[in-house]
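Chains as they are written, first to last, in our numbering: chain A, 42 to 180; chain B, 42 to 180. Inspection log for the structure reproduced underneath, given as structure tokens.
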DNA sequence: AATGTAAATTGAAATGATTACAAAAATAAG
DNA sequence: CTTATTTTTGTAATCATTTCAATTTACATT
């Protein structure tokens, strides 16, 4: 996606499309790698002069609050970020630590009987070993 | 559940039923409150003389590795523990921070097309506002 | 009951992720 | 161009968790 489109998208979501915000969203959208803050930092530090890790935290927190990014809590010691806010599930491989998306339709997710509750977010994730690492183990 | 039963259960799961382990498992099973380590500590420190927080971490890690306890990663900054290892979902209230269970059958959970993957764990959780807090907000 | 050995527990220090905060820089408005 | 507001930065603080060596406990064998 073009920086132009990213800017327009942020603006539409009530976020001023400042340089670093656009770059970070652009990173999330193009890589789709469910990165941690550290991954974003080490990838963007070369590209953005004088980028601070605090800024990444600030920007991501803003994104999450504004609803343009999901914070994924799959492992206790790391938060991963995903700019795809549509309904989908995640799989995390115990071996290579990679996180991949899988499509599910909202109607497929069970709707528990929670009388009077307001449900804002659905999270569905699986853990195991991805096909690539399964082969490595068997070999 | 009686301490006797807890001990037998731990033994069957390959865990030596030492005093503190039995007390911690007993706590998890009877309270069913999805506690954090801190919650367990502040509740049991009165009951168990000279209990250390490190011990709670040790015991819980053992429980999780042995498969008798689930580690729930719903919020990025806290891990909660659940001795109910059967298939079920969790709801976390944004207001009161409480976590409650809801029943779902394994067959209800969508089975994504992940050719060649080995899937070990399914996690399904919802976030929102519980009925009690919904009323508080409206009032 | 006493002894020895292995396992568990402890507390202090280390680690690692995240947040708080005040100063500096960038942005927008007049 | 000047000023006011917002954003970014870097350091220090915080908080959960792990590491590790020393102490204690559990348990099998005398």
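By construction, the Cβ of each residue, glycine as well, lies at the ideal position given by its N, Cα and C atoms.
Within chain A, the residues that residue i reaches when beta carbons sit closer than 7 Å
i             : result
residue 172/B : 156, 157, 158
C-beta neighbour in chain B for residue i, strict 9 Å
i             : result
residue 135/A : yes
residue 175/A : yes
residue 43/A  : no
residue 112/A : yes
residue 58/A  : no
Secondary structure of residue i, DSSP reduced to three states
i             : result
residue 134/B : strand
residue 146/A : coil
residue 114/B : strand
residue 109/A : coil
residue 141/B : strand
residue 88/A  : coil
residue 167/A : strand
residue 73/B  : coil
residue 56/B  : coil
residue 179/A : helix
residue 125/A : coil
Backbone CA spacing between residue i and residue j [nearest angstrom]
i             : j             : result
residue 99/B  : residue 93/B  : 10 Å
residue 150/B : residue 152/A : 10 Å
residue 174/A : residue 56/B  : 30 Å
residue 157/A : residue 142/B : 15 Å
residue 140/A : residue 52/A  : 29 Å
residue 112/B : residue 45/A  : 42 Å
residue 110/B : residue 125/A : 31 Å
residue 60/B  : residue 70/B  : 15 Å
residue 68/A  : residue 177/B : 41 Å
residue 96/B  : residue 87/A  : 43 Å
residue 65/B  : residue 118/B : 22 Å
residue 43/A  : residue 104/A : 18 Å
residue 83/A  : residue 180/B : 48 Å
residue 122/B : residue 108/B : 12 Å
residue 54/B  : residue 155/A : 33 Å
residue 128/B : residue 89/A  : 45 Å
Minimum Cβ-Cβ distance from residue i to chain A less than 9 Å
i             : result
residue 165/B : yes
residue 169/B : yes
Proximal residues of chain B, C-beta to C-beta of residue i below 8 Å
i             : result
residue 179/A : Residues of chain B passing the Cβ test: none, with the nearest at roughly 10 Å.
Under 9 Å by beta carbon: chain B residues contacting residue i
i             : result
residue 115/A : 114, 164
residue 120/A : 117, 118
**Short-range partners of chain B found in the segment 123-150 of chain A, where Cβ spacing is below 9 Å** = So the list reads 130, 132, 134, 135, 141, 143, 144, 145, 146, 149, 150, given in the order they occur along the chain.
**Prompt:** Given a limit of 9 Å on CB to CB distance, which residues of the segment 75-93 of chain A reach chain B?
**Reply:** Those residues of the segment 75-93 of chain A that come within reach of chain B (Cβ to Cβ, closer than 9 Å) do not exist; the list is empty.
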